[in-house]
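Colleague: This is the structure, below, for whatever I ask next.
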Amino acid sequence: MNLMNFVYAFLLLLAAFVFQTTLTGINRKVVARLQRRRGPRFYQQFIDIFKALSKGSTTHGWVFDFGVVMALGGIMATAIFIPFGPLKAVPAMDNIFIIAYVLAVGMLGMAMSASGSGNPWASIGVSRALTNMLAYDIPFMMVVFGLIFAFDTSSLSGLAAIQREGGFLGWHVIRFPLGGIVAMISLQGMLGKKPFDSFIAPAEIASGPMVEYGGRHLGMLFLLHEFSTFIEVSLIVHLFFGGGATVAAFLVKYALIYTFLNIVSNVLPRFKIDQAVTFFYKVPLALAVVQTFLIIVVGMGVA
Amino acid sequence: MTTNSKDMRKTWEKIADYFRAHSIWMKWYCTGCGAIEMPPTMTSRFDMEQLGMGPMATPRQADVLLITGYLSAKTLRRVIYSYEQMQDPKYVVGFGSCTLNGGIYFDSYATMTRLDHYLPVDLYIAGCMPRPEAIMNAFDTLIKMIEKGEAKGWRHYQENHDWYRKNQLHSLKEVYVKDEFHE
Amino acid sequence: MNSMNKLVEELKGRFTLLEVLLPDQQQLIVDIDQMHLHALLSHLKATGFRQLSLLTAVDWIEENTFQLVYIVFNWDTGIHVLVRTKLPRDKAVFRTITGIYPGAQYYERDVHEFFGVAFEGNVMSFKPLFLELWDELPPMRKDFDPEAYSREKFPERPYVPQFVPKVEVVE
Amino acid sequence: MTFDILIVLMFLGAVTAYLVSKADLKAGAYATVLFSLGALVLLLLGRGEIGSEFTILFMGFEVTTIGWYFSGVMVLVYAMTAFFNSYWMDKMIYPGSYNFLYLFSLGGTVGLFFAKDLITLFIFWEIVVWSSTFIVPMGKSRRAAVVYYTISTIGSMATLYGIMLLHRISGTLDIQGAFAPLKNDPVLATVIFFIFIMAGLTKIGIFPFHIWLPLAHGSAPHTFSPVLSGGLVKMGAFIAYMSVGILPAYEAFKGSLTVMGIPIQIYALMILGAVSIVLGTLMAIKQDDAKKLIAYSSVANGGYILIGILLMDQLAFAGSMMHLFNHAIASAAAFLAIAVVAHRTGTTKISELGGMIHRMPLTYLTYLIAIISLAGIPPMGGFVSKWLIIQGLADQGLMFMALAAFFGSIGSFLYVFRPLAAVFLGQLAPRHEELASAPLLMKIPMTILMVLILFFGVLPGWILGIIGQIQVAAGIEPVMMSGNSILAVNGVLNTLNVFMVFGFGFLIALVIFMLMQKSRRVGLMDTYTSAEFIYTPELYHYGSAFYAPFERLYARHPSVEDFLMALAYKGHEAGLMVNALFFSHKPGVTVFWITVIVAVVTLGGVGL
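Residue numbers (this note's numbering), protein chains in the order written: chain A, 4 to 306; chain B, 25 to 207; chain C, -11 to 159; chain D, 737 to 1344.
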């Protein structure tokens, strides 16, 4: 880890930010078209973020600020670990478990600062977010566990390379269809998209953890949201859709999956948090266990 | 429009004002009968998201406070409290004649008759109640005002805070009240 | 129709009613002296008028009286009975009916706030309900001038026409 | 040479502490601090003498690396917690004997880890069990002590029986020698294996025997709970290692049925470990008393440690050894933070507290770093050990253990966050407005623990080096380290890189934060309340039933306590029935039944 790594990492972060924010802008237009209206300009998301960063804001104490900075720092660190297509900023560090747990640093920072604001809406939102995490993460980790055992490597680029050997048919979403379905559903939960977004419900709990954030803090939380979306969607692209031989291929797959999920989320209602947990522990967990069982014991799809 | 006096803002301010103009988040405080005009303005026919505007859940996150009609004394106290929770720079848009001069309730004992006596109003929309076309036109004007840096109501509120407070106390006796339901 | 006649006969028999009106088949207006009001209401409640739809007051400032109007409703027969009584305006004090209709608690509080009629026995009725920090005359009384109050409390915007549209008079 | 001084010093120290506290209680407490720190220093100095043997009176001791490592963890936890004793002197019924028992149990644990033969092992095991049994009732409830003692005795009686059995088979009492003949006799090996591991299960608090943990930790004196959960639980791990490592379980059970490549006996225990992870997590999520919550988290982490030890492979075993250390200091730090809150406010109930950060920021930091390590989140040590355990499981493809491990690690985010949000953050009640922060003497151990957790999270090299030596001694291939990255079969973890990248991210976020305008400081009550005016902070603090929607899902759950209570009730009923049958007030009936039984026995005897 020398200076070059850090400069390279910073550039990848910038590229991830620019790509993901434009994609969110385009998706806002797609969603608007779904609702038969024109929708904002494609660079509206940039304007929103920079406007929020340019405003003044109120703070509730050092925990409130420290939590936001720790959250954004943790999420940026995770984004550095994620290979941007074939490019890797930090060598040999794209281990799935490291990424899953460094992601938790961001979540903890955000939860800490939200509760530190003293607003019960925020604490309710955080308790729902953590329960939601307990729901969507278990099936996902089970499927990932199966993949690691099957191919004896837990590095993202390694798994992506294995998939690319078999060309299109080599993709894990084809060889392990159940695992692919579970991954897409839990990605919907990770992103906090419609069926599983009870923890940021605007009307119900006044946007949950983000209730007390304004101006600068809100801008940083928008950045956090963009980076965490980048992390989660590229995790699925690397694991199940063959990563990216070239940056362009990676970005195209990424955009298609994200837009697909956005459309799906736009037509779905919102689960109550205990309904979300029961749903995740019925269908996806069963699929995940069956998939892992097939991989480990039967060895189907691995040869 | 007053002629543009020498522009005092630094370049950084101008860029920030460009961002602030094209992304205004709205604190949707449905105070009066004008609130029903907002849904058509937001949905497919008029779609105010084209202008970069959208509803937000809490005053902390919002930039513009829309007062969409008459304000009784009780609601005015809550509106002032919400306004003070918003982050600078913030703007206030008064809908309809009730905020201008009391409208049809000018002689009522319960409703205030002039909004800019209590809050710095950047923009009024005439009408009782203004239709979505008028609202979209008003938002367009607001965007131009912010871009040129003329929407300085929030600074005016900060500088003459005691004048505003005097007016508020004259009309409402107290702004932060203890009510029976929260003991 | 017959249930209405039976009701009117029965009430006339029991109570000395000052006046009885029948605006339509479903409505009966009964005036009674304030002393017998409670007896009439409890009788009506016993005979099926379970719901107290409204309790309000009317300010007859010329006769210097308040008129309390109780509207009770019978779900089975669908008949409204408006029981009315008059109170002297200057010392408007009356006994609460929460014993008969517990729901009247908020109505009495409302009437007290807007007319100033005191209801003994309902301690809640003296607390403010809608008007926060109100210290003027109760606003619904006729001798209260809302316009003067509004002009004093909420300063007007001076109406200065910035421009007068020139209207061409067409012959 | 230094180690026998160490053990003797402990027992002398115990007596001196007792006598000193007769004179002045505070001095007695400070004596415990001095002696436990002395033990720590002696231990570190004695590093070079690993492998030496010594005897005290008739008991033989042998200094092994694993013994040194375990007692190092134990003494560290004892030393850090000793700083808190002086503040609880006035709150205890028998403070003098508390000081005595505190050092007495410390001596017992150190002696246990260095025991060479089974008799010494059993003696020191009993010393620890008895001394901690007398300390636990000094807290709130005596019932906890009774439950604690009964379950510990199940373990110690099993060990005694095992020792007797081993003596009869192998003739010697020396640990290494006694287990040797079992290699080629699978049936007997299974019996001995289950008997010895019973003591381990009871002490770690694995599923059927976890009942005493929340009771004892919840009601033990605030200053003994960290030792109980951080330290004493590790004794069970030592016995579990003994029954798997020293008794070569894998060779002994080669013949028997294997599930996913693991002998059925060991796999059955791993299922118990997995169940206790899930059970510990679910129960910890719904606790309202912070101490019970951390107690249940010890049950969950005990499950991790047991699974790691039972696997006896390069990664999971190293992970569980490191998790032993991380869990010890992390749960000790968490308990100490809660003890500070209890010292100031008098209660550990989460729903009665709130906003403690404004009164005791250092305690908040300690608790935060402790739970980051408990939950296994990167910059702290807990992540390294959990990463190793999960890599070990992935390497062997044990999917159901992995399911429980994932549930445990994600679930730990929930239950560690509950006290953080409801006790330390949120609204500060007016009655807690003038609380002072933690006293100086309490701040020292908390800072030391914080530094240790962070240091071993970023540079685990030293600890993994020791663990490598343990693995070599146990005959497993040690965990490989190159520079600062841990090489696992299917992945590499460079903790220094993780920390530097995290620091780099934090730096960028800080720069973004600093670039913008300064923000306006606003009180805690000036929050968004949909424009309503609020004046009562307690009403506005979200503390009780933190995960209500999730808790509702498993509200009616079967519990071991109810099962045992039912069992006890049936036993009581049977007794009453017999009593009524035999000792009814008509003597004739009693005489009749006695004759019937005598007849059956005699005639029956003839028939056999």
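The beta-carbon is built from N, C-alpha and C at its ideal position, and this holds for glycine as well.
Grouping DSSP H, G and I as helix and E and B as strand, with all else coil, what is A:Y216?
Modeller: In the structure shown, A:Y216 sits in coil (DSSP, three-state: anything other than H, G, I, E or B).
Colleague: Is the stretch 1225 to 1237 of chain D close to the stretch 1114 to 1133 of chain D, with three or more CB pairs under 8 Å?
Modeller: Yes: at least three Cβ pairs fall under 8 Å.
Colleague: Can you pull the chain D residues whose beta carbon is under 7 Å from the beta carbon of A:L221, in chain order?
Modeller: What A:L221 touches in chain D: nothing, since even the nearest Cβ is about 11 Å away.
Colleague: Would you list, in chain order, the members of the stretch 932 to 947 of chain D that have their beta-carbon closer than 7 Å to a beta-carbon of chain A?
Modeller: Residues: none.
Colleague: When you compare the CB positions of A:V93 and D:V1237, do they come within less than 8 Å of one another, or not?
Modeller: Yes.
Colleague: Just how far apart, CA to CA, sit C:Q150 and B:F130?
Modeller: Spanning the two alpha carbons is a distance of roughly 21 Å.
Colleague: Applying the criterion that 16 or more other CB atoms from any shown protein chain within 10 Å of the CB defines a buried residue, is B:T27 buried or exposed?
Modeller: Bear in mind that a pLDDT of 45 at B:T27, under 50, signals an unreliable position, so the number given afterwards is only what the model happens to contain. Classification of B:T27: exposed, given that the 10 Å Cβ count is below 16.
Colleague: Can you check whether the C-beta of D:Y1264 is within less than 8 Å of a C-beta belonging to chain B?
Modeller: Yes - at least one Cβ of chain B is within 8 Å of the one on D:Y1264.
Colleague: For A:F152 and B:K51, what's the separation of their Cα atoms in angstroms?
Modeller: Taking the straight line from one Cα to the other gives about 51 Å.
Colleague: Assign B:Y188 to buried or exposed, taking buried as 16 or more other Cβ atoms, counted over all protein chains shown, within 10 Å of its Cβ.
Modeller: B:Y188 comes out buried.
Colleague: Mind listing which residues of the stretch 69 to 89 of chain B have their C-beta closer than 7 Å to chain A's C-betas, in chain order?
Modeller: Hits within the stretch, in order: D71, E73, Q74, G76, A81, T82, R84 and Q85.
Colleague: When DSSP labels each residue in this structure, what does B:K190 get in the three-state scheme?
Modeller: DSSP places B:K190 in helix when its eight states are reduced to three.
Colleague: Cα separation between A:R40 and B:F70?
Modeller: Rounded to the nearest angstrom, the two C-alpha atoms are 8 Å apart.
Colleague: Using a C-beta to C-beta distance shorter than 7 Å, which residues of chain C count as neighbours of B:T165?
Modeller: Ordered by position in chain C, no residue passes the 7 Å Cβ test against B:T165, which lies about 17 Å from the chain.
Colleague: For A:T27, tell me which candidate among A:I266, A:A80 and A:R178 has the shortest Cα-Cα distance.
Modeller: Nearest of A:I266, A:A80 and A:R178 to A:T27, Cα basis: A:I266.
Colleague: Which residues bound the beta strand (DSSP E) around C:S41?
Modeller: Note, C:S41: beta strand (DSSP E), Q39 to W48.
Colleague: For the beta strand (DSSP E) that C:Y58 lies in, which residues bound it at each end?
Modeller: Where C:Y58 is concerned, the enclosing beta strand (DSSP E) stretches over T53 to N62.
Colleague: Just curious, the beta strand (DSSP E) that D:S1218 is in, first and last residue?
Modeller: Where D:S1218 is concerned, the enclosing beta strand (DSSP E) stretches over M1216 to S1218.
Colleague: Strictly under 8 Å for the Cβ-Cβ distance: is A:I127 near chain B by that measure?
Modeller: No, A:I127 does not count as interfacial toward chain B.
Colleague: Along the stretch 35 to 53 of chain B, where does the CB come closer than 7 Å to a CB of chain A? Name the residues.
Modeller: So the list reads A40, F43, R44, H46 and S47, given in the order they occur along the chain.
Colleague: Does C:Q13 come out as helix, strand or coil in the three-state DSSP assignment?
Modeller: In this structure, C:Q13 counts as coil in the three-state DSSP scheme.
Colleague: Pick out whichever of A:G247, A:I102 and A:Y284 has its Cα sitting closest to the Cα of A:G192.
Modeller: Residue A:Y284 is the option with its Cα nearest to A:G192.
Colleague: Following the continuous alpha helix (DSSP H) through D:I1126, name the residue where it begins and the one where it ends.
Modeller: That run of the alpha helix (DSSP H) goes G1117 to Q1132.
Colleague: Provide the residue span of the alpha helix (DSSP H) that contains A:T24, from first to last.
Modeller: Taken as a continuous stretch (DSSP letters only), the alpha helix (DSSP H) holding A:T24 covers L6 to L37.
Colleague: In chain order, what residues of the same chain have a beta carbon less than 8 Å from the beta carbon of D:V1334, not counting five sequence neighbours either side?
Modeller: The answer is none, since no qualifying residue turns up.
Colleague: Name the residues in the stretch 111 to 131 of chain B whose C-beta lies less than 8 Å from a C-beta of chain C; which are they?
Modeller: Within the stretch 111 to 131 of chain B, the residues whose Cβ lies closer than 8 Å to some Cβ of chain C are L124, N125, G126, F130 and D131, listed in chain order.
Colleague: From A:Y261 to D:A1141, what does the alpha carbon distance come to, in whole angstroms?
Modeller: Rounded to whole angstroms, A:Y261 to D:A1141 spans 30 Å at the Cα level.
Colleague: Looking only at DSSP bridge pairs, what is A:D319 linked to?
Modeller: In the structure as shown, chain A starts at 4 and stops at 306, and residue 319 of chain A therefore has no counterpart that could be examined.
Colleague: Relative to the alpha-carbon of C:I59, which residue among C:P143, C:N52 and C:T44 has its alpha-carbon at the smallest distance?
Modeller: Ranking C:P143, C:N52 and C:T44 by Cα distance to C:I59 puts C:T44 first.
Colleague: Using a threshold of 8 Å, state whether the C-beta atoms of B:A81 and A:P205 are closer than that.
Modeller: The answer is yes: Cβ separation under 8 Å.
Colleague: Is there at least one Cβ from chain B nearer than 8 Å to D:A1267's Cβ?
Modeller: Cβ-Cβ to chain B under 8 Å: yes for D:A1267.
Colleague: Does the distance from the C-beta atom of A:S126 to that of A:E215 stay below 8 Å?
Modeller: Against a cut-off of 8 Å, the Cβ pair of A:E215 and A:S126 comes out as no contact.
Colleague: Short of 6 Å in beta carbon distance, which residues of its chain neighbour B:M25, apart from the five on each side in sequence? Order them along the chain.
Modeller: Reliability fails at B:M25, whose pLDDT of 41 lies under 50, so the model's placement of it is uncertain and no value is given.
Colleague: Can you confirm whether the stretch 63 to 72 of chain A touches the stretch 177 to 196 of chain A when touching is taken to mean that 3 or more C-beta pairs between the two stretches lie within less than 8 Å?
Modeller: At 8 Å Cβ cutoff, the stretches do not touch.
Colleague: Which residue wins for smallest C-alpha separation from D:S807, given the options D:D826, D:G972 and D:K1254?
Modeller: Nearest option by C-alpha distance: D:G972.
Colleague: Is the stretch 967 to 984 of chain D in contact with the stretch 905 to 923 of chain D, if contact means three or more CB pairs nearer than 8 Å?
Modeller: Yes, the stretch 967 to 984 of chain D touches the stretch 905 to 923 of chain D.
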